[in-house]
Amino acid sequence: GTADYLLRYMRQQRCGYNPFLKDSCHVHDGYIVYHHTKTGQHIDVRGGWHDATDYLQYTTTSANAIYQMMFAYQENPEAFGDAYDAAGLPGANGIPDIVDRK
1 GTADYLLRYM RQQRCGYNPF LKDSCHVHDG YIVYHHTKTG QHIDVRGGWH DATDYLQYTT
61 TSANAIYQMM FAYQENPEAF GDAYDAAGLP GANGIPDIVD RK
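Residues in the sequence shown are numbered from 1 upward in steps of one, following UniProt numbering.
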């Protein structure tokens with residue numbers, strides 16, 4: 001339905017492993033800056049969604065998207081299906097796609 005169609009868009013914009021591109025982004029671009037013992041250490045910054053096609057992420061828009069999706073799921077859970085696994089690849093795994101993420 002419509003809810004699953006909207007989730008498909010979110011899956012296309014996800015950060016980390018993108019099942020549509022079969023590739024990952026932001027794998028090596030997170031580093032600690034200004035820490036007395038950990039400066040330069042790599043950190044995993046994958047997760048959330050890209051704000052647009054520029055691969056940028058903003059906490060405010062991601063938080064709003066999460067809130068809206070979780071509220072929709074809370075109010076109408078039967079509208080959300082299970083067509084993908086946690087990695088976003090085709091195949092049901094018993095967990096509604098709206099709450100299933102690797």
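Beta carbons are placed, not taken as given, at the ideal position from N, Cα and C, and that holds for glycine. Keep in mind the model is a prediction, meaning the values are calculated, not measured.
Asked: Assigned exposure category for Ala87 - 16 Cβ within 10 Å defines buried; Found: exposed
Asked: Option in Thr59, Gln74, Thr39, Tyr73 with minimal Cα separation from Arg46; Found: Thr59
Asked: One or two residues paired with Ser24 in a DSSP bridge; Found: Tyr17
Asked: Assigned secondary structure, Pro96 (DSSP; H/G/I helix, E/B strand, else coil); Found: coil
Asked: Through-space distance from Asp44 to Cys25, alpha-carbon basis; Found: 11 angstroms
Asked: Residue of Gly1, His50, Val33 minimising C-alpha distance to Ser62; Found: His50
Asked: Opening and closing residue of the alpha helix (DSSP H) in which Asp4 lies; Found: 2-12
Asked: With 16 other Cβ atoms within 10 Å as the buried cut-off, status of Asp97; Found: buried
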